[in-house]
């Protein structure tokens, strides 16, 4: 076959390197005679830019890419290969042993050099791919590998219109030209408009520099250049000089209504649709490569047109703040409402033939004028389409040029909005309000309650569009009926039946007539696998880092798998399908990654009821491991304290300890740590980067569980007082414990640090809150106090440090200073760059997550990032986080996305997924959520954590506890669990799908009660602790006897309160249980009956435990009230159980 001439291309991609960009600017200035300002006319400027680019950046070889892998060859390898070839020729000409040995030696040497050069080149490649700059190359490499595998770009043989094979290059080029010339110049029949429309003659403002800057910012780099060979990177490189030139150029074009002739040319590239015969031209769509400068001009015009033209709300395509997801969601919600109401909904999905390519240009001008577009802009757009011509670039070269006189430019920045204007005007008289009519560009959905009405509406649409040159495709338009009754039939279009379907792929998401989403989930799984195969070359490459693999997986594979699923209410089995598919992908050899295994549902009996305080002392020692360990051991040895984290810092010479326990236990733990540090740390020798006032610099107390801020203030005061007495050192109070406004802030107390203490302590305003106003050189001073839990939370951005800091300034409470507050209360923030991860972070401290929750910070940063066209790639929790903060975040996304999630494990997993908490490393809830870490130490020995066998054996043992109270609580928990089970066995079943809404309401009360009643199993066994402790009180004097009797009475009241609360809790379940027996799965009737009797038995057990203890209580009023309430609960339980059992017996 003949050799195809390949056009040599300027290596514009080098402009992304700053050194190349600077050299290009200097050479261009020299070419312009030292001028900074570009010439006025386009032709001169364009030619100078092209010539300078070729000289500075170089050009490609013009040769077609070879199949042989030689891209990594260096000069040494090339020289060695050339010498080997010459030696081979020499040996071929003279077959002597000497020549053979010379050739063999050179052959061995070349192999070694090739191997060495190849290894070095690949090492450099993998190093570069693991940087932020190399990430784009990584995606490009993955796409190229996928294209090479398909070999579509090498299709050199095409069939003619009759299906005959064309093999010569000339005939293939003629066929491509013939196909696209017909496609882009064929106009459908239409009525000529008789009526005219008044043009809007008004003065048009000149183009401003800021408009050009915005348009330039929206242009993406790295795109294929048009025929003028000037990419947008040139204008971005030239900066303000380019803005001035383009503003002047665009104003001349606006004034003259004539753009440069060079912009009228384009190159059309056929892109295979990935379906059908690869040798048939009709299975390719053409994308035009147009001048980037013209696209800039189009963006400026588009921005102005969008301010003038108001598009109808039914149009979702290419509209601000609208997306495919909105359109899919609206359709699914409409279908769901009609399915739940058991009513028919008729939908027609209208397909237009070659919509973009068939728009009559006279109709375009008419619709623009009717939409109120100034005549000046109409003429400017007309000029864009005047004398436009193109060539087809195919595998065998470029075709001859031909004119394009019909339709809109494919690949144009302005075309989507122009098409929206046309559709808006042509559908004005036939469209109904959303969601009965929805459009996404040329995709139209018509909905109605009756088949006759939707058929009539379809005909009206056909007439309105076809009379103006747009043609409805009868073969591709489809009809679907939701909740169809027998004999509903189908609709007709011009007498022909429209294809009736049970499912339709709308905007890439499959909707089914029965309202199910099973097929969509399967297609999403398949899409995920397709994405996985496309990037498997990257994912399976061992030398690419796990971080990059993870990012590629999330952005390519997981994004494809989850597309549109935010609009779907998934059932558990469908969630499982997605999870199983993901696990298979992640375990696929040779690519493996660590999968975050979320913690199981926990039972937190006594732990959930206990008071829990966190203490975070900071000690000024971060280098001596023995000292660090000794202090940690002192805390661990304190009864009731659990050390969660020890975080030493060598550069700061500081260690932060985190431990939790009861209020009294953490005070003791902090005192023990201080006592150990007093003999080990000498502040006179301390050097470190972090601000500090003393050996134990700061010791805050933080409420975590069932503890108020007031209790933590009391902890701080007790700790400060006892520390000062024990060590005779000065102690200050800050935060919520501060006694004056000047000491609210830790930095204000620390001002001047340790070195300033000797003079500071002499001033009356700095008298310590506890201890002497004397300087202790080896210790310094300690600051203690109480504060809310601080969450250190960072959001990852693909941006610069400056862009991240800009967002931080917008969101943090302090904002940009006086008069410019930020958006989020109780949030601190700053931006920084992580070199090791090649990304920036908005680093925040959430000072009060109940004022500003975690999800609010994340969503606000995402919103700001979108406005700056930046990508958010997950987030990071530094340190620990309370469970409540995680569950609050989960509830936000459950409500936002209308999910139905009960299990705590799944809620935690949802938050990890939504916030991308595992983006920089595994997020293990067992190691990061405080309550989970605490319960790991506390759960052993609790009744609720025992196996059923162990629990029964414990009840049967020769001990007073567990007894009837714990057994009643366990039976109540099982009764609630049965109610939850019946609801789950009804929800998500096809035959009961109309009851899904009812079950979503009934299941949560049983689920909550099940977990809460489990807590009572242990609570009952410890109910007598107070009474037993009172019995051991001294009784030697009358006063002691009186105090003992009071304590015993209080203990008995507490013992009564536990079973009474159990009965009260069960009473809340009677109402949902009565409803559940009416609507629950009939196959579970016996389970509802058992649940009712179990709950009744639990109330009776609680009643017996209440009454047996009431006889010893001397408070008549209390005893009478308890007896009356207990009797009422028994009566209510008996009546409710009878209602439930009667209702169950009536159901057959």
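Numbering (my numbering), first residue to last: 822 to 1969. Glycine included, each C-beta is placed from N, C-alpha and C at the ideal position. All values derive from a computational prediction rather than experimental measurement.
Residue i, enclosing beta strand (DSSP E) - first and last residue
i            : result
residue 778  : One cannot answer for residue 778 here, as it falls past the ends of the chain, which runs 822 to 1969.
residue 1661 : 1660–1667
residue 866  : It is not in any beta strand (DSSP E) - residue 866 instead sits in the alpha helix (DSSP H) that spans 863–878.
residue 1107 : 1105–1110
residue 1268 : 1264–1269
residue 1468 : 1463–1470
residue 1475 : 1475–1482
residue 1118 : Taken as a continuous stretch (DSSP letters only), residue 1118 belongs to no beta strand (DSSP E), being part of the alpha helix (DSSP H) at 1113–1129.
residue 1517 : 1517–1526
residue 841  : That residue, residue 841, is in no beta strand (DSSP E); its alpha helix (DSSP H) goes 839–852.
residue 1767 : Unbroken run through residue 1767: none, as it is neither H nor E.
Which listed residue (the options) has its alpha carbon closest to that of residue i
i            : options                : result
residue 1837 : 1499, 1863, 1822, 1884 : 1884
residue 1514 : 1156, 1601, 1444, 1440 : 1601
residue 1532 : 1379, 1778, 1606, 1315 : 1606
residue 1576 : 1565, 1592, 1598       : 1598
residue 905  : 1035, 933, 881         : 933
residue 1179 : 1151, 1135, 1229       : 1229
residue 1848 : 1773, 1857, 1930       : 1930
residue 1527 : 1703, 847, 1949, 1778  : 1703
residue 1674 : 1438, 1711, 1692, 1697 : 1711
residue 1042 : 1034, 1048, 1033, 1052 : 1052
residue 1120 : 1032, 1074, 1604, 1098 : 1032
Residue i and residue j closer than 7 Å at C-beta
i            : j            : result
residue 1664 : residue 1615 : yes
residue 1486 : residue 1461 : yes
residue 1648 : residue 1799 : no
residue 1275 : residue 1298 : no
residue 1383 : residue 1256 : no
residue 1135 : residue 1252 : yes
residue 835  : residue 881  : no
residue 1465 : residue 1479 : yes
residue 1961 : residue 1917 : no
residue 863  : residue 1081 : yes
residue 1263 : residue 1185 : no
Chain D within 7 Å of residue i, Cβ atoms only
i            : result
residue 1160 : As a matter of chain content, chain D is missing from the structure shown, which is built from one protein chain.
For residue i, the first and last residue of its enclosing alpha helix (DSSP H)
i            : result
residue 1069 : 1061–1077
residue 831  : Neither: residue 831 is in no alpha helix (DSSP H) and is coded neither H nor E.
residue 994  : 990–1004
residue 1189 : 1182–1191
residue 1575 : 1574–1581
residue 1456 : 1446–1457
residue 1534 : 1530–1548
residue 906  : 896–914
Practice problem: Taking only runs that begin and end inside the segment 1685–1763, name each unbroken alpha helix (DSSP H) of 4 or more residues, in chain order. | Solution: 1704–1717, 1725–1736, 1746–1749, 1751–1759
Quiz item: Just checking, does the segment 1879–1894 make contact with the segment 1947–1957 on the three C-beta pairs under 8 Å criterion?
Solution: yes
Exercise. Answer yes if the segment 1580–1591 comes into contact with the segment 1489–1505, meaning at least three C-beta pairs across the two stretches below 8 Å, and no otherwise.
Key: no
Quiz prompt | Ranges of the alpha helix (DSSP H) found wholly within the segment 1308–1386, counting only runs of at least 4 | solution = 1339–1355, 1357–1360, 1367–1373, 1380–1383
Quiz item: Are at least three pairs of beta-carbons, each pair with one atom in the segment 1188–1204 and one in the segment 1326–1342, less than 8 Å apart?
Solution: no
Quiz item: Is the number of C-beta pairs between the segment 1217–1236 and the segment 1152–1162 that are closer than 8 Å three or more?
Solution: no
Quiz item: Is the segment 1618–1628 touching the segment 1650–1664 in the sense that three or more CB pairs, one from each, lie closer than 8 Å?
Solution: yes
Quiz item: Any chance the segment 1871–1880 sits against the segment 1821–1828, with 3 or more Cβ pairs inside 8 Å?
Solution: no
Quiz item: Where in the segment 1781–1816 do unbroken runs of the alpha helix (DSSP H), each at least 4 residues long, occur, reported from the N-terminal end onward?
Solution: 1785–1807
Quiz item: Just checking, does the segment 1282–1296 make contact with the segment 1010–1024 on the three C-beta pairs under 8 Å criterion?
Solution: yes
Quiz item: Does the count of Cβ pairs from the segment 1139–1151 and the segment 1054–1068 closer than 8 Å reach three?
Solution: no
Practice problem: Would you mind listing the beta strand (DSSP E) stretches within the segment 1895–1934 that are 3+ residues and don't spill past its ends, in chain order? | Solution: none
Quiz item: Does the segment 1120–1138 come close enough to the segment 1236–1247 to have 3 or more Cβ pairs within less than 8 Å?
Solution: yes
Self-check item: Length at least 3, wholly inside the segment 1584–1659: the beta strand (DSSP E) runs in chain order
Solution: 1603–1607, 1612–1619, 1648–1655
Quiz item: Is there contact between the segment 1347–1366 and the segment 1712–1719, where contact requires at least three CB pairs shorter than 8 Å?
Solution: no
Quiz item: Quick one: any contact between the segment 1811–1826 and the segment 1769–1785, if contact means 3 or more CB pairs under 8 Å?
Solution: no
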